[in-house]
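Visitor: Top line first, the protein sequences correspond to chains A and B. Each residue of the first sequence is one higher than the one before, counting from 19 in the numbering used here. Each residue of the second sequence is one higher than the one before, counting from 11 in the numbering used here. Glycine included, C-beta positions come from ideal geometry on N, C-alpha and C. Next up is a structure, given as structure tokens.
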Amino acid sequence: SQTIHQWPATLVQPVGSPLSLECTVEGTSNPNLYWYRQAAGRGLQLLFYSVGIGQISSEVPQNLSASRPQDRQFILSSKKLLLSDSGFYLCAWSVSSGGLWANVLTFGAGSRLTVL
Amino acid sequence: AQRVTQPEKLLSVFKGAPVELKCNYSYSGSPELFWYVQYSRQRLQLLLRHISRESIKGFTADLNKGETSFHLKKPFAQEEDSAMYYCALRTGFQKLVFGTGTRLLVSP
Chain A
19 SQTIHQWPAT LVQPVGSPLS LECTVEGTSN PNLYWYRQAA GRGLQLLFYS VGIGQISSEV
79 PQNLSASRPQ DRQFILSSKK LLLSDSGFYL CAWSVSSGGL WANVLTFGAG SRLTVL
Chain B
11 AQRVTQPEKL LSVFKGAPVE LKCNYSYSGS PELFWYVQYS RQRLQLLLRH ISRESIKGFT
71 ADLNKGETSF HLKKPFAQEE DSAMYYCALR TGFQKLVFGT GTRLLVSP
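So, in structure tokens, the structure goes:
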């Protein structure tokens, strides 16, 4: 069966420090991968999505970047964190082909980032 | 603009009462809509989607293109329905836009 892992689960970082959040999917090939940020009162905001290795689409201008070095690995990064980067980050995947499960997202457990 | 609106941040009902969580969307194409749910200490997960026309845990949702709505309904709420509910709209190839969510609180 397919599983999705995210880590770290919790992270406290000073302003100006770098960030790396990692997400991996098991049990499937060539998934679509997503990074969302969940904020109270603002719902889930799509940050990045990827349909293949090295293919990254950014949805909003920001201080963050994403990379997909391997088929089932998705990394969210920043060179210098801002206070406004604090939040709850969710990784998700979906099948890349059509059919019954197209557009259905499976989410990871999330990573809570606090920037001080 | 492609947008999902969930006007209620919090909906509080008593056990056994009917529930309707509102969702309105704005989309120029043919909409594909979903409801996701997040129970306490659990991951966000799919509840149902309009193309399946299914009832999950007693919940149903009908797509009304005239009113651009996809409200989630349940005739008799249960305490275990207490959770955060998100409405989502597919806006492009495999991209979903989510609403701001409604917290449902079912009291005994």
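In angstroms, rounded to a whole number, what distance separates the CA positions of residue 24 (chain B) and residue 71 (chain A)?
Guide: Roughly 49 Å separates the two Cα atoms.
Visitor: Check each candidate in A:57, A:132, A:113 and name the one with the smallest Cα separation from residue 69 (chain A).
Guide: When only C-alpha atoms are compared, the closest one is A:113.
Visitor: Residue 96 (chain A) bridges to which residues according to DSSP?
Guide: A:37, per the DSSP bridge assignment.
Visitor: Residue 131 (chain A) CB to nearest chain B CB: under 8 Å?
Guide: Answer no: the Cβ-Cβ gap between residue 131 (chain A) and chain B never drops below 8 Å.
Visitor: Measure from the C-beta of residue 121 (chain A) to each C-beta in chain B and report whether the shortest distance is under 8 Å.
Guide: Closer than 8 Å: yes.
Visitor: Can you give, in chain order, each stretch of the beta strand (DSSP E) that sits fully within the region 32–88 of chain B and has at least 3 residues?
Guide: The qualifying runs are 34–36, 43–48, 55–59, 82–84.
Visitor: So that I know if they touch, is there some Cβ in chain B lying closer than 8 Å to that of residue 127 (chain A)?
Guide: Yes, its Cβ sits closer than 8 Å to a Cβ of chain B.
Visitor: Would you mind sorting residue 72 (chain B) into buried or exposed? The rule is 16 or more other CB atoms within 10 Å of its CB.
Guide: Counting Cβ neighbours within 10 Å, residue 72 (chain B) comes out exposed, since fewer than 16 surround it.
Visitor: Would you give the residue range spanned by the beta strand (DSSP E) that residue 57 (chain A) belongs to?
Guide: Unbroken beta strand (DSSP E) run through residue 57 (chain A): 50–57.
Visitor: Pull up the DSSP beta-bridge partners for residue 30 (chain B), would you.
Guide: Its beta-bridge partners are B:83.
Visitor: Is it right to say residue 93 (chain A) is buried, meaning 16 or more other beta carbons lie within 10 angstroms of its own, or is it exposed?
Guide: Result: buried.
Visitor: Starting from the beta carbon of residue 12 (chain B), find every residue of chain A whose beta carbon is closer than 7 Å, and list them in chain order.
Guide: Near residue 12 (chain B) there are no residues of chain A at all, since even the closest Cβ is about 11 Å away, more than 7 Å.
Visitor: Near residue 44 (chain B), what residues of its chain come up, given a Cβ to Cβ distance below 6 Å and the 5 sequence neighbours on each side ignored?
Guide: Taken in chain order, the residues that qualify are 59, 98.
Visitor: Would you say residue 26 (chain B) touches the ligand NAD, meaning its beta carbon is less than 7 Å from a heavy atom?
Guide: Of the ligands one can find in the structure shown there are none, so the ligand NAD has no counterpart to examine.
Visitor: Residue 110 (chain B) and residue 60 (chain A) look like a contact to me (Cβ under 8 Å); what is the Cβ gap, rounded to whole Å?
Guide: Sure, about 6 Å apart at Cβ, within 8 Å.
Visitor: Could you tell me the distance, in whole angstroms, from the CA atom of residue 105 (chain B) to the CA atom of residue 78 (chain B)?
Guide: Cα to Cα, residue 105 (chain B) sits roughly 19 Å from residue 78 (chain B).
Visitor: Report the neighbours of residue 113 (chain B) on chain A: residues whose CB is nearer than 9 Å to its CB, in chain order.
Guide: Those do not exist, as residue 113 (chain B) stays about 10 Å from chain A at its closest Cβ, beyond 9 Å.
Visitor: Take every Cβ of the region 84–91 of chain B, pair it with every Cβ of the region 22–40 of chain B, and state whether three or more of those distances are shorter than 8 Å.
Guide: With a cut-off of 8 Å, the region 22–40 of chain B and the region 84–91 of chain B count as touching, because enough Cβ pairs lie within range.
Visitor: Alpha carbons only, please: which of A:58, A:19, A:104, A:21 is nearest the one belonging to residue 39 (chain A)?
Guide: Nearest option by C-alpha distance: A:104.
Visitor: Who are residue 20 (chain B)'s beta bridge partners in DSSP?
Guide: In DSSP, residue 20 (chain B) forms a bridge with B:113.
Visitor: Could you give the DSSP three-state label for residue 134 (chain A): helix, strand or coil?
Guide: Reduced to three states, the DSSP call for residue 134 (chain A) is coil.
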